[in-house]
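Under my numbering, the first residue of the sequence shown carries the number -5, and numbering increases by one thereafter. Following: one structure in structure tokens, then a few remarks.
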Amino acid sequence: MLPLAVAVTALSLSTNGVAAADPGPERPLAPLAKATAATSPPQSAIEAMEAVNRATLAEPTQWAGTWYDATTGRVVTAVAGGASEGTRKEAWSKAGSDGTVVQVERSFADLAQLSDTIMQRGSIASVGIVSAAMDWERNGLVVGLEKVTDEARAALAADYGDIVTVRQMTPPRDHEGPSRLRDRYPYWGASGWAPPRAGQMHCSTSFPMKRPDGSKHFLVTAAHCNHPYQLDAATMNSSETSWSNVIGTSKGYQSSFCQSTGESCDIGSTKYGDISVIKVDGVAPRIYTGGPDGTSSAAVVSTQTGLPAVNDSMCASGARTGTTCGYKITDNFMSVRNSEGKLRTPVVMAENLSGACIYYGDSGGAVYKPVTGGVRASGVISAVGSIPGGCALFYTSISYAQQLFDAEVVTTS
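In structure tokens, the structure reads:
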């Protein structure tokens, strides 16, 4: 598990706790993040990046991320300056003949701690801080601001030097709201559910899970769907107007949120994004696909075991909107504040410029990659945001659900 609160060894700290730049006669401005064109790495590159992502989470003080260089067609793997000889050899082994390894100043642990520090500020120069995401190529962070002003950029440059760049971000909205709505035992993912007597759909489920010994079965959903109270029961439709078919309960099971704050909570020094579970009697390795009122489905054939690769393509499936595809991952380890000021970390951000977008009620739904024979489970829908020309999907990696709930995604394999 990743300890977010770790000692920063690769940074020379100022009084603000981060490396500071010489302001000079005029205060510098934190640079604007460069807009990069979406690329489509070959599958071999995606698999290589996912392998590095797993190593990065396992040893955060040794590694510093990975990315695909479209100009050279190579996967670039970064290791921290203090990385061991074993890590360096492993990095070259993972890079292979078509990859390369670079040494950088700051480890993933350093950047994660800095991200946490920035997000705890809430605002800078009277501008709300919405997000902080990994900028692997620059060995820094991209800070999302509700409004990009020179004052905020100057304050960021003064406090954090050249570690951060800036982009405008609209706080995402949680997806709660008014079919896949009549699922029956054994239950599938990407279905709709509601609290008893709600009268309308509340949220969606993502993937079926079970304890390794098969003793308990779950449907994963978003933590904010079960906040501020763990629901005694979750129901599905039994008729057009009645949500009376009880499928299970969230009572007594772990959530990734602090009950008192409604934010991602430190659980054993780790934060787990926006996830909770509904305990049910039994599940099958399938999720609903197609439209919101359809009956089509797909088999869950595999699970992403770590962070997804930046620029990989994803689809989302929720009970309100149905299936939408065309999402490209832009940030795979992000902290973000939603429109109510609640912190979610870590989440993945994916952009969609095709016009398709998730909507209220899709929270807790499935994020997946189509593969031969079905789908590969990737994550749990948390929120939606707007970007120029499209929308942004925010989701929690399914790997965090497997850790937090001591469970595994049910697959056909």
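Even for Gly, the Cβ is constructed at its ideal location relative to N, Cα and C.
Review point. Do you know how far the Cα of residue 72 is from the Cα of residue 340?
Key: The alpha-carbon of residue 340 is positioned some 20 Å away from that of residue 72.
Point to revise | Closest residue to residue 285 among 316, 63, 21, 28 (Cα-Cα distance) | key: For residue 285, the closest C-alpha among the options 316, 63, 21, 28 is that of 316.
Point to revise | Cut-off 7 Å between Cβ atoms - residues of its own chain near residue 118, not counting five sequence neighbours on either side | key: Closer than 7 Å at the Cβ level, and outside the excluded window around residue 118, lie 146, 149, 150.
Review point. On the premise that residue 283 lies in contact with residue 291, defined as a C-beta separation below 8 Å, what is that separation, rounded to the nearest angstrom?
Key: Right, the Cβ-Cβ distance comes to about 6 Å (below 8 Å), so this counts as a contact.
Check your understanding: Could you give the distance in angstroms between the alpha-carbon of residue 251 and the alpha-carbon of residue 227?
Key -> Rounded to the nearest whole angstrom, the CA to CA distance from residue 251 to residue 227 is 19 Å.
Exercise for review: Between the Cα of residue 123 and those of 161, 157, 384, spot the shortest distance and give me the residue it belongs to.
Suggested key: Checked all of 161, 157, 384; the closest Cα to residue 123 is 161.
Check your understanding: So, using beta-carbon positions, are residue 164 and residue 407 closer together than 9 Å?
Key -> Taking 9 Å as the Cβ cut-off, residue 164 and residue 407 do not qualify as a contacting pair.
**Study point:** Exposure of residue 356, with buried meaning 16 or more beta-carbon neighbours within 10 Å
**Key:** Flag for residue 356 reads buried.
Review point. Should the segment 257 to 270 be called in touch with the segment 328 to 345, which here means at least 3 C-beta pairs below 8 Å?
Key: By the criterion of at least three beta-carbon pairs nearer than 8 Å, the segment 257 to 270 is in contact with the segment 328 to 345.
**Study point:** Supposed close pair residue 344, residue 301 - CB separation, criterion 8 Å
**Key:** So it is not a contact: roughly 12 Å between Cβ atoms.
Point to revise | Helix, strand or coil at residue 209 [DSSP, three-state] | key: Looking at residue 209 - three-state DSSP - the assignment turns out to be coil, as it is neither helix nor strand.
Point to revise | Environment of residue 179 [buried if 16+ CB atoms lie within 10 Å] | key: Looking at its Cβ environment, which holds fewer than 16 other Cβ atoms inside 10 Å, residue 179 is exposed.
Review point. Hey, how far is the Cα of residue 207 from the Cα of residue 277?
Key: Their Cα atoms are separated by approximately 14 Å.
Point to revise | Range of the contiguous alpha helix (DSSP H) that encloses residue 111 | key: For residue 111, the enclosing alpha helix (DSSP H) has its first and last residue at 102 to 115.
Review point. If we ignore side chains and look at the alpha-carbon of each, how far apart do residue 181 and residue 40 end up?
Key: About 31 Å.
Practice item. Leaving out five residues on either side along the sequence, give the residues of the same chain with a beta carbon under 7 Å from the beta carbon of residue 364. Key: 309, listed in sequence order.
Review point. Apart from the five residues just before and just after residue 49, which ones in its own chain have a Cβ nearer than 6 Å to its Cβ?
Key: These residues qualify, in order along the chain: 57.
Review point. Out of curiosity, what's the CA-to-CA distance linking residue 38 and residue 245?
Key: It is roughly 42 Å from the alpha-carbon of residue 38 to the alpha-carbon of residue 245.
Check your understanding: From which residue to which residue does the beta strand (DSSP E) around residue 368 run?
Key -> Counted as a single uninterrupted DSSP element, the beta strand (DSSP E) harbouring residue 368 occupies residues 368 to 381.
Exercise for review: Give, in chain order, every unbroken run of the beta strand (DSSP E) that is at least 3 residues long and sits entirely within the segment 273 to 306.
Suggested key: As far as the segment 273 to 306 is concerned, its whole beta strand (DSSP E) runs of at least 3 residues are 277 to 282, 291 to 297.
Check your understanding: If you draw a straight line from the alpha carbon of residue 368 to that of residue 201, how long is it in whole angstroms?
Key -> Annotation: residue 368 to residue 201 spans about 13 Å, alpha carbon to alpha carbon.
Point to revise | Given 8 Å, three or more beta-carbon pairs between the segment 51 to 65 and the segment 99 to 112 | key: With contact defined as three or more Cβ pairs closer than 8 Å, the segment 51 to 65 and the segment 99 to 112 are in contact.
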